[in-house]
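Below is one structure; the comments refer to it alone.
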Amino acid sequence: MINDRKYYENLEQKNFKPYAVISKFSKGRKFAEEADQYRTVFQRDRDRIVHSKAFRRLKYKTQVFVIFEGDHYRTRLSHTLEVAQIARHIARMLGINEDLVESISLAHDLGHTPFGHAGEEQLDDLLQDAGGFEHNLQSKRIVELLENKYPDFPGLNLSQEVLDGLMKHFTPFDHPANTLEKDIVHPSLEAQVVNLADQLAYVNHDLDDGIASGILNMDELVTEVDLWREAQISNEHQYKNFNAEQIRFLNVRYLINLMVLEAVHYSTKRIKDLNIKTLQDVYSSDERIVDYSAGFKKRVIDLQTFLYSRFYNDYRVLRMSIKGKRFIKDLFDQFNTNPELMPKTDFQKIENGENQKRVIADYISQMTDNFVVEEHKRIFEIEKEAMN
Ligand code: MG
151 MINDRKYYEN LEQKNFKPYA VISKFSKGRK FAEEADQYRT VFQRDRDRIV HSKAFRRLKY
211 KTQVFVIFEG DHYRTRLSHT LEVAQIARHI ARMLGINEDL VESISLAHDL GHTPFGHAGE
271 EQLDDLLQDA GGFEHNLQSK RIVELLENKY PDFPGLNLSQ EVLDGLMKHF TPFDHPANTL
331 EKDIVHPSLE AQVVNLADQL AYVNHDLDDG IASGILNMDE LVTEVDLWRE AQISNEHQYK
391 NFNAEQIRFL NVRYLINLMV LEAVHYSTKR IKDLNIKTLQ DVYSSDERIV DYSAGFKKRV
451 IDLQTFLYSR FYNDYRVLRM SIKGKRFIKD LFDQFNTNPE LMPKTDFQKI ENGENQKRVI
511 ADYISQMTDN FVVEEHKRIF EIEKEAMN
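First residue of the sequence shown: 151, per this note's numbering; consecutive thereafter.
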C-alpha cells in the first residue's frame, strides 16, 4: 500500500494536538481544485512554492550582505531554509501541523525586494502616492497573482491557511510602525511559530555573519550581551580546545537550541494557561500564544538592540544599503519616464490600464541583486564597442 493523502490525513488527526490545523478541514483554495491523490493540501502548497520562480530568485537576494560580498553569507534562500528547519522543529515538539508550518516558512519572504530592507524602503518611498510597498503584502501578491504558470488560475492558488499565515507574518524588524499591525488577529499556532522562527533564525544567523565579516567582535559580545556570555561560558565548560570559528559556531548553536526550547516550553504553558483546547480557541484568542516568557524576551531584545547598533547600522552595511537604494531609484525613475524599457508583458499591463508605478514596483521587486546591477549597466552605461 502506498502512503496516500488519506493516510497522512489520518495521521494528522491521530497524532496532532486538537488545536492544530488539520489539512482535511482546510478552508480550501480560492479556485476550487480536485484534491491530490497522494499529498495533503499543505504538502501540495509546499511543492508549488518550491517550484515557483520567486522561490528560485531568493538565492540571489540579499539578507544583510549583498550576494557578491561573499558566498558563505546568508541569502534570502538560506535564511528561508533555516526558518523552515527551525519552525518545523518547533511544530513537531508542539504537536501541530508541520507541513503547514513548512509551507508558510518557505513562502514568507517571497515578496522581498533586491537589496533587502533597503530595497523595500526605497520602493515604499517611491510608491507613496500609489499605495506604498510592503514585502508581506508583496509575498501575497506573488502567490495570488504574479506567478503565472497554471492555465486555470493566476498565482499558485494556495490554501487559505497558508495565505493567512503570510498576512499574519509581521516582525518588529519588518516594520516597526506598521499600520497593518492592527491586522494581526488570531493567527493559527502554525503561523505564530513561523513568525517566531523567522526572528529566531535571523538574530542568530546575523550574529554568525556579523562576526564572520569582522563587523562584530566576539570579545565585545561576551562583555555586552548576556545571552552570548551564557553560551560562551557553557561551551568553555564543555570544550577545551577550539578555534575562533568553532566557538562562533558553538555559541550560535547553543543560542538556537536555547531559544527553541524557551519558546516551546513557554508556548506550551501559554496553551495551558489560556485554556486553548481547540483550533477555534486559537482563532478566537486575542493573545499571542507562541512566544517567549517576558524575562527571556528581554534578553533576546538586548541581543537585537546590540545587532541594531553594531551591525545593521555599521557603515559597511549601510554603505551597501545606500548603493542598493540608489540603483533601485535609478531604475524606477527610468521605467517611470520610459516604461517601454520594461519587458513587453509589463509594458502591456500599463497599456491595459494598470497602475504604472505598481507595475514597475512588481517588476523591480522581483529582480535579484545581480539583475539590478546588470540592468543598471544596460540602461546607464554605454559600452565602447557598442558605439562602433
Ligand atoms: Mg524572514
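Virtual Cβ for every residue (Gly too), placed ideally from N, Cα, C.
Item, Value
"Contact check, residue 251 vs residue 237, beta carbons under 7 Å", "yes"
"Host alpha helix (DSSP H) of residue 148 (start-end)", "In this structure the chain extends from 151 to 538, so residue 148 is not present and cannot be described."
"Separation of residue 419 from residue 529, as counted between CA atoms", "57 Å"
"Sufficient close CB pairs (3 or more, under 8 Å) joining the region 218 to 226 to the region 185 to 205", "no"
"Outcome for residue 295 when other beta-carbon atoms lying within 10 angstroms are tallied against a minimum of 16", "exposed"
"Same chain only: Cβ atoms within 6 Å of residue 470, ignoring 5 sequence neighbours per side", "216"
"The region 299 to 316 contacting the region 180 to 190, beta-carbon criterion three pairs below 8 Å", "yes"
"Backbone CA spacing between residue 492 and residue 161 [nearest angstrom]", "49 Å"
"Spatial distance of residue 158 from residue 254 (CA atoms)", "19 Å"
"Status (buried if at least 16 other CB within 10 Å, exposed otherwise) for residue 417", "buried"
"heavy atom of ligand 1 below 6 Å from residue 259 C-beta", "yes"
"Helix, strand or coil at residue 528 according to DSSP, with G and I counted as helix", "helix"
"contact_flag[the region 168 to 182, the region 198 to 210] where n(CB pairs < 8 Å) is 3 or more", "no"
"Own chain residues within Cβ distance below 8 Å of residue 497, not counting five before or after", "489, 490"
"Beta-carbon proximity of residue 204 to residue 260, cut-off 7 Å", "yes"
"Endpoints, the alpha helix (DSSP H) within which residue 485 is located", "465 to 487"
"Proximity of residue 445 and residue 269 at Cβ, strictly below 7 Å", "no"
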